[in-house]
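Take the sequence shown: its position 572, counted from the start at 1, is 568 in the numbering used here, and no numbers get skipped. Worksheet for the structure shown next.
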Amino acid sequence: MSTGQTRADTYAGTRVRRIEDLRLLTGAGSFVDDVSRPGMLHACFVRSPLPRARITGIDTTEAIALDGVYAVFLAADLNLGVHDQSYRIDGPHLPASNWPPLAEDEVRFVGDPVALVVAADRYLAEDAAELVVVDYEPLPAVVDYTTAEGSQALVHARFPRNIAGQLAGRPAEEVAPLFDAAPNVVRQTIFQQAYTPVPMETRGVVAQWSASAGEMTIWTSTQAPHEVRGFCARLLGVDEHRVRVIVRDTGGGFGQKVVVQREDICVMLAATKVPVALKWIEDRQEHLISAGLARQDHGEARVAFDRDGTILAASLDYVQNVGAYPVPSPMTAAAVVGMLFPGPYRVPAATFTMKMLYSNTVGRVAYRGPWQFESMAREVLLDTAARRLGIDPAELRRRNMLRREDLPLLNPSGMRYSDVTPLETFEQALGMLDYPAFRREQELARAQGRFLGVGTCTYLEPTAASTPYHGTEGATIRIEPSGKVNVYLAGGSSGNSLETTAIQLTADALGVDIADVHTIQGDTAVTPFGAGTGGSRSGSMVAGAIAETASVLRERILAIAAHRLGVAVDEVEFTHGRATVRGAPDAELSLPEISAIAYFQPEALPPGVPAGLECSGRYRAQSPMIWANATHLCTCEVDIETGEVTLLRYIVSEDCGPMINPSVVEGQIYGGTVQGIGGALYENLAYDESGNPVATTFMDYLIPTATEVPVIELGHIETPGPGPGGYKGVGEGGAIGSSPAVVNAVADALAPFGVEISRLPLTPAAILALIDAADARAVTA
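This is the structure:
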């Protein structure tokens, strides 16, 4: 049957204005904290002030006596209500973590929730929380994760040596001969600090239990509403259809809001014990103490080269801190670090080891490109290797970077690369800078006592994958009797403009005007199951779901039009919401007329065409992995007297396939890039030696602002991927490539001093210490 699709003027690929901007920019957005229910109660947590201690007693007498306090819940009140705490996103191969919602016998980090106070308002709840007296017996704590394996103190008694998990790639003895015989072997150990997503909106949840119906309604800030629904159903031991999750606007997630955390669990459990809705919104200090850490890891990277700088082998021994209560399981992302370490280069052989260690710090959470360390370790090492080998870093990369003729290719860890353009993005970024001209400028500046540097990072980004949890996505499209179109999607939009892109895709797939399309997302009562936004999957998977569903509706529309107009289906064209007959411009039907037939004139429908214009479909990813790639390039100036780093130019050349909406794609790149810059230079979720968090406000936890970030220049290369429309993901790449590029730029600026960077962040004090140490070595030599 003909699709009747003849339009060349599609919406996809154009800069359609974001439909959500009007409400968000005028203050009309609706976030969790805007939710108010009749008689609603408010929650506040009593948190541990110690990194590790035994709880010997809790006195709630004064707190409960405070006027306006409804209850104070302890572990004995809530934890026994747990039926199942498994995350479907972890998959069946990983065991459920089953962390206690409230601390039971021990607290394991500063901020560990010990009690939940419920009161008439948040202020009263906070006052009452200060009246809860908890007796602690301090215990030895593991604060520095690098010492965890040899510590006598165990974060969790059932995990010997504090090892949360470990994995190895190809046996090391198979690769060792290549290193032994290589003319040049470069190794470097790099430590990355803990930092965190810090979305504009902190975590929050409103839960309302109907005891008579046995139903739960949840308003929450999440990237994955259906994951929250399924988790709550398993937690309470009720059927999924008795849980409704509603997600309105979400002020950023970045991976931190994909899954339910312990505080959310406590509120869900407590909601079954109070007669009205229960609300919890964390403040920023709580967020920085207890919402989770990311990125804290280190690894020894090794690369073997021949005499001309050609890579012969690579290895990475990788260790990460998972804190006390990681969510979800960090195993998958940690394994990907080692598997992706060869990156976009021709690496004949490689291996890796991976180890995850518990510590008495806040638990690890996902954060935009949670495997990012593979790029940090590889790209920093390549710059170090270039300096040691006397080769320009750009030239060293050119000699080893994958080319079109190399693809498709299995990397040494068995990951299949295809439809990527690392060399093309690399050359485009260098061309946008005019790399030779910068090197000349750098030489002149050094002669004047100014130290400029340039750094790059080229990476491959895994996006939509055919995994059991992420591998399908559903859509429901309903064309109303009026001819207006509603598309229902699981949603989880948290700044990635899934609303606008879904409308663009739907308008194209059906052949209707974009003004006639509306989308409903984030309400599990009416939307089909979806895995939410994570893993840079939304663009490709939503495009597939919409295409699968819209194709069925188009067939119905064409069949109804052909039947009414008395022509064959392949003679009908349907564009801009109107069906016409080729060669007969006066014969036409509008979509409202076709809808009226479908809904109100079933006797006029052609044989075999059902009444109505509503359809649900589900897309199944056909490719094991869709790959995007990019090159980040940064230039900077380092003031050797103050240690200040000034970013001069920042360039990103990206290949995320055809762009559904270039403005949305560029916004994703800008946001991720700024986060990575923050990770390289400013952000540090630090603890002191006693295990106390010391960055609990934005006075201490520094994030980059508009004054620190230069204009980000973008170049695009569009190579279609194997998914629907050729679309690839773009959500995580900016945060992957930016930190290594900045680190390499600083290292390049300081190369005359013999500085090699091994620890982040590159604060002014850290840079001055590097210069001083280099000077001391020079004097000693």
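Even glycine gets a Cβ: it sits at the ideal position worked out from N, Cα and C. Note that the coordinates shown come from a computational prediction; the quantities given were computed from them, not determined experimentally.
- When secondary structure is reduced to three states using DSSP, I553 falls in the helix class.
- In this structure, the alpha-carbon of G445 lies about 38 Å from that of A290.
- Apart from sequence neighbours up to five positions away, the residues of its chain that approach T306 with a beta-carbon distance below 7 Å are R395, N396, ordered along the chain.
- R104 and Q148 have their C-alpha atoms roughly 15 Å apart.
- The straight-line gap separating the alpha-carbon atoms of E126 and L70 is approximately 15 Å.
- Rounded to whole angstroms, R280 and D402 show a C-alpha spacing of 48 Å.
- Under the three-state reduction of DSSP output, Y595 falls in the helix class.
- P338 and A539 have their C-alpha atoms spaced approximately 30 Å apart.
- Taking P97 as reference, the option from Y141, D771, F41 with the minimal CA-CA separation is F41.
- Across the set I475, I242, L284, the C-alpha of L284 shows the shortest separation from the C-alpha of R360.
- Sequence-distant Cβ neighbours of A144 in its own chain, meaning closer than 6 Å and more than five residues away, are V138, N158, L353, S355.
- Listed as beta-bridge partners of E589 by DSSP are no residues whatsoever.
- Out of R50, L485, C611, the CA that lies nearest to the CA of E133 is found in R50.
- Bridge partners of L629 according to DSSP: T452, I647.
- DSSP places Y666 in the helix class (H, G or I) of the three-state scheme.
- Classified as buried, S325 has 16 or more neighbouring CB atoms from the shown chains inside 10 Å of its CB.
- Counted as a single uninterrupted DSSP element, the alpha helix (DSSP H) harbouring T776 occupies residues 760 to 776.
- DSSP places L70 outside any beta strand (DSSP E), giving it a letter other than H or E.
- Per DSSP, the beta bridge partners of N482 are R474, H514.
- The C-beta distance from G667 to G730 rounds to 6 Å, short enough to fall under 8 Å.
- Counting only runs of at least 4 residues, the segment 260 to 326 fully encloses the following alpha helix (DSSP H) elements, listed from N- to C-terminal order: 280 to 286.
- Residue environment analysis places V256 among the buried positions, since at least 16 neighbouring C-beta atoms fall within 10 angstroms of its C-beta.
- For M212, the secondary structure class from DSSP, reduced to helix, strand or coil, is strand.
- In this structure I590 is in contact with A557, their Cβ atoms being roughly 6 Å apart against a cut-off of 8 Å.
- With respect to the 9 Å criterion, G449 and V742 are classified as neighbours on the basis of their beta carbons.
- For E375, the enclosing alpha helix (DSSP H) covers residues 369 to 385.
- Residue environment: L501 is assigned as buried (16 or more neighbouring CB atoms within 10 Å of its CB, all protein chains considered).
- Taking V78 as reference, the option from V130, A229, E197 with the minimal CA-CA separation is A229.
- Q316 and A330 have their C-alpha atoms some 8 Å from each other.
- The criterion of a C-beta distance shorter than 9 Å is not satisfied by R384 and V323.
- According to DSSP, residue pairing for Y683 in a beta bridge involves P689.
- Contact between the segment 649 to 658 and the segment 415 to 422 is present: 3 or more CB-CB pairs across the two stretches fall below 8 Å.
- Burial check for M372: the Cβ neighbour count within 10 Å reaches 16 or more, so the residue is buried.
- In the three-state reduction of the DSSP assignment, N158 falls in the helix class, which pools H, G and I.
- Runs of the alpha helix (DSSP H) spanning 4 or more residues and lying entirely within the segment 178 to 239 occur at 221 to 232, in chain order.
- L120 places its beta carbon less than 9 Å from that of G64.
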